[in-house]
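Asker: Numbering follows numbering that gives the first Met the number 0, with no gaps: position 116 of the first sequence is 115.
Heads up, the beta-carbon is just placed ideally off N, CA and C, and yes, glycines get one too.
Being a predicted model, the structure only gives us computed values, none of them experimental.
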Amino acid sequence: MALKVYNTLTRDMEDFVPFQGKKVNMYVCGPTVYDHCHLGHARSYVSFDVIRRYLIYRGYDVNYTSNITDVDDKVINRAKEIGEDPFILSRKFTESFIEDMETLAVLPPDTRPKVTEHITEIIQTVETLIENSAAYVTPKGNVYYDLTRSEGRIGILSHQTVEGLLEGSGNRVEVEYDKRYQLDFVLWKSAPEGEPGWNSPWGWGRPGWHIECSVMSMKYSSGQLDIHGGGMDLIFPHHEAEIHQSESCSGKHPFSKYWMHNGFLTIDREKMSKSLGNFFTIKEVLDKFSPGTIRFFIVYTHYRSTIDFSEETLEEAGKARKRLLNTISNVKHDMKEAHEERNDCGLTELVTETREAFINSMDDDFNTREAIGSLFVFSRKVNSIISSEKPGRGALENVLRFFSEINDVLGIFAEDESNASENMNNGLSEENIMEIIRLREKARKEKDWAKADSIRDELKEKGIVIEDGKDGVRWKRM
RNA sequence: GCCGAGGUGACAGAGUGGCUAAUGUGACCGCCUGCAGAGCGGUUUUUCGGGAGUUCGAAUCUUCCCCUCGGCACCA
């Protein structure tokens, strides 16, 4: 079965066939860094991270670019509000963003271009557009894209008619703009001296929002993309503007072969966004939930569906994920006592079956929900096998290797957690813990329950959970 | 106004023509246990917003109706 992808451009499921063989140029619109990123951003970048990882898993050579919009009216306004230098502000939030992505196990892009480092190229591109008579300069020093150049192609991505678009924009005519046609969009925006900006052939100013993505995506690919991604809110006007600009500039069609858009994250069914003020930053959510839980929460939903955020849904995700983590830790535990003998107990076949199911689901437009569903089945079966039979070392290793293979794609089993019982952190070494557990065992033998329980409580406070089982005591870090 | 998404068991959420619909949470039972928690095993929902139709057969296709939600140049 071939990999299928939903393409916003055609509104259809399509077989994924890149322009050239196994090479995939992928670009995902990055954040405007005027504040800490919120969970909605996490949703987008984690979703595309999984898509990227899966393509790699399937043998594609992925070149992944994701930008940082580090100059923009929002950045400047925010800086003004709090009396800070806009460039210092954007650098600070760029760092915050990168830190969040690392925490959530989002692989760093191959290239992470910043707008401020591409001003020359942006100006060149705008010049090219003017030369191609696809753009015009106004007396005020603004440059607009001339949409009459895209006659018949307006609404190509948003699937709206010109009338519909005009009507939609009717209520909010931007009077301060001096464009010829209501739907024209700005490529270069003149700015008063003293405001952040750059010199250009049209005077002091800044790039418009859309042009940067065209410039950077084309620069770091072969001029055409296989996949262009972003949040659904970017479909119009941002991504559509990119199509017009890029194609007018390069002459290559299509600018991007596949357009992929992730669904929103809502709170009480309302879109989480900065402008509505109903957002939680990634850092805020990290105070209450582990990175693994947050990532699992996102990956557990199909990337195009809306996810409604609440503490309950995150808690549920955490519990669900724990089931899988438990199997991993159970298998690891058994490995210690497993013999070399080749007692497979059907595990190898189970792994093969599950891998097949996983790939089938993921091939279907990255259906992570269904893919994870098959992992739960796998998990249950493995638990069942290891609790009733004694599989050999090789078979257990095979299971662990499979989990790690899955983790390469989904990134939901952070090593530090699944490995918790192996490592030492929070002040207590394994030795120490074993020592304490021996003390408690002694107390238990003497039926000194009070003492045993108090030791248990004490360990719990330090984040160590004791489980009295059939064959001895197990412990793990929370 | 224009465009779009969707209504599936207590909840969340897969499934888009065919064995009385995954999976997770919850609930219940059992195992384990000094107790507890955690863990493990099992059980639970004959049902897919409503009507009509197509079909040997539909949650899945067609049509009508009802309802919810999102986008429309700030936005992941």
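1. Please report the residue range of the beta strand (DSSP E) in which His227 lies.
2. Is it the case that the segment 264–275 contacts the segment 237–245, given that we only count it when at least three CB pairs across the two stretches are under 8 Å?
3. By a C-beta neighbour count over all protein chains shown, 10 Å radius and 16 as the cutoff for buried, is Gly204 buried or exposed?
4. Taking contact to mean 3 or more Cβ pairs, one atom from each stretch, closer than 8 Å, check whether the segment 2–11 and the segment 251–262 are in contact.
5. In this structure, how does DSSP classify His260 when only helix, strand and coil are distinguished?
6. So what does DSSP say about Glu138, is it helix, strand or coil?
7. Which residues mark the beginning and the end of the alpha helix (DSSP H) in which Ile435 is found?
8. What's the gap between the Cα of Gly385 and the Cα of Ala319?
9. Assign Gln244 to one of three DSSP states: helix, strand, or coil.
10. My guess is that Pro556 and Thr68 are in contact by the Cβ rule of under 8 Å, so how many angstroms apart are they, rounded?
11. Return the CA-CA distance between Glu211 and Thr64, expressed in angstroms with no decimal places.
12. Between which two residues does the alpha helix (DSSP H) containing Pro85 stretch?
13. May I ask you to list the residues that DSSP assigns as paired with Met271?
14. When you compare the segment 190–205 with the segment 225–237, are there three or more beta-carbon pairs, one atom per stretch, that lie closer than 8 Å?
15. Should Glu315 be listed as close to the ligand COA, given that the test is whether its C-beta is under 7 Å from any heavy atom?
16. Helix, strand or coil: how does DSSP classify Asp364 here?
17. Just curious, the alpha helix (DSSP H) that Lys73 is in, first and last residue?
18. Take Thr305 and list the residues in its own chain whose beta-carbon comes closer than 6 Å to its own, dropping the five residues that flank it on each side.
19. Taking only the alpha-carbon atoms, compute the straight-line gap between Glu83 and Ile121 and give it to the nearest angstrom.
20. Compute the beta-carbon to beta-carbon distance between Thr124 and Ser213, rounded to the nearest angstrom, for a pair I have assumed lies under 8 Å.
21. Give me the Cα-Cα distance between Arg52 and Ile463, rounded to the nearest whole angstrom.
22. Any contact of the segment 354–362 with the segment 370–385, i.e. 3+ C-beta pairs under 8 Å?
23. Going by Cα to Cα distance, which pick from Asn325, Ala451, Leu285, Asp99 is closest to Phe402?
24. How about Val74 and Leu88: are their beta carbons less than 8 Å apart?
25. Per DSSP, Asp11 is paired with what?
26. Along the chain, where does the beta strand (DSSP E) that runs through Asn329 open and close?
27. If you reduce the DSSP assignment to three classes, tell me which class Ser65 lands in.
28. Rounded to whole angstroms, how far is the Cβ of Phe288 from the Cβ of Gly317, which I believe are closer than 8 Å?
29. Leaving out five residues on either side along the sequence, give the residues of the same chain with a beta carbon under 6 Å from the beta carbon of Lys251.
30. Look up Tyr56 in the DSSP assignment and say whether it is helix, strand or coil.
31. Quick one: residues in its chain with C-beta nearer than 7 Å to the C-beta of Thr110, no 5 flanking neighbours on either side, listed in chain order?
32. Could you check the C-alpha separation between Arg268 and Glu162 for me, to the nearest Å?
33. Less than 8 Å between the CB atoms is what I'm expecting for Trp208 and His237, so what's the real figure, rounded?
34. Can you tell me the Cα-Cα spacing of Val284 and Leu38, whole angstroms?
35. By the 10 Å Cβ neighbour count, where 16 or more other Cβ atoms means buried, how is His338 classified, buried or exposed?
Answerer: On the basis of the coordinates in this document:
1. For His227, the enclosing beta strand (DSSP E) stretches over residues 224–230.
2. no
3. Counting Cβ neighbours within 10 Å, Gly204 comes out buried, since at least 16 surround it.
4. The count of Cβ pairs closer than 8 Å, one atom from the segment 2–11 and one from the segment 251–262, reaches three, so the stretches are in contact.
5. strand
6. For clarity, residue 138 is Pro in the given sequence; the question names Glu instead. Three-state result, Pro138: coil.
7. Its alpha helix (DSSP H) spans residues 429–444.
8. Sequence check: residue 385 is Ile here, not Gly. The straight-line gap separating the alpha-carbon atoms of Ile385 and Ala319 is approximately 20 Å.
9. helix
10. What the structure shows of the chain is the stretch from 0 to 477, and residue 556 is not part of that stretch, so it cannot be assessed.
11. 13 Å
12. 85–102
13. Bridge partners of Met271: none, in fact.
14. no
15. Absence of the ligand COA is noted for the structure shown, with no ligands found whatsoever.
16. coil
17. 72–81
18. Gly262, Phe263, Thr265
19. 26 Å
20. Yes, they are in contact, since the Cβ atoms of Thr124 and Ser213 sit about 7 Å apart, within 8 Å.
21. 33 Å
22. Three or more pairs of CB atoms, one per stretch, sit closer than 8 Å, so the segment 354–362 contacts the segment 370–385.
23. Per the Cα distances, Asn325.
24. yes
25. Asn6
26. Where Asn329 is concerned, there is no enclosing beta strand (DSSP E), although the alpha helix (DSSP H) it sits in stretches over 310–336.
27. strand
28. 7 Å
29. Contacts found: Gly222, Gln223.
30. helix
31. Thr64, Tyr219
32. Cα to Cα, Arg268 sits roughly 30 Å from Glu162.
33. The beta-carbon separation of Trp208 and His237, rounded to 7 Å, stays under the 8 Å limit for a contact.
34. Their Cα atoms are separated by approximately 8 Å.
35. exposed
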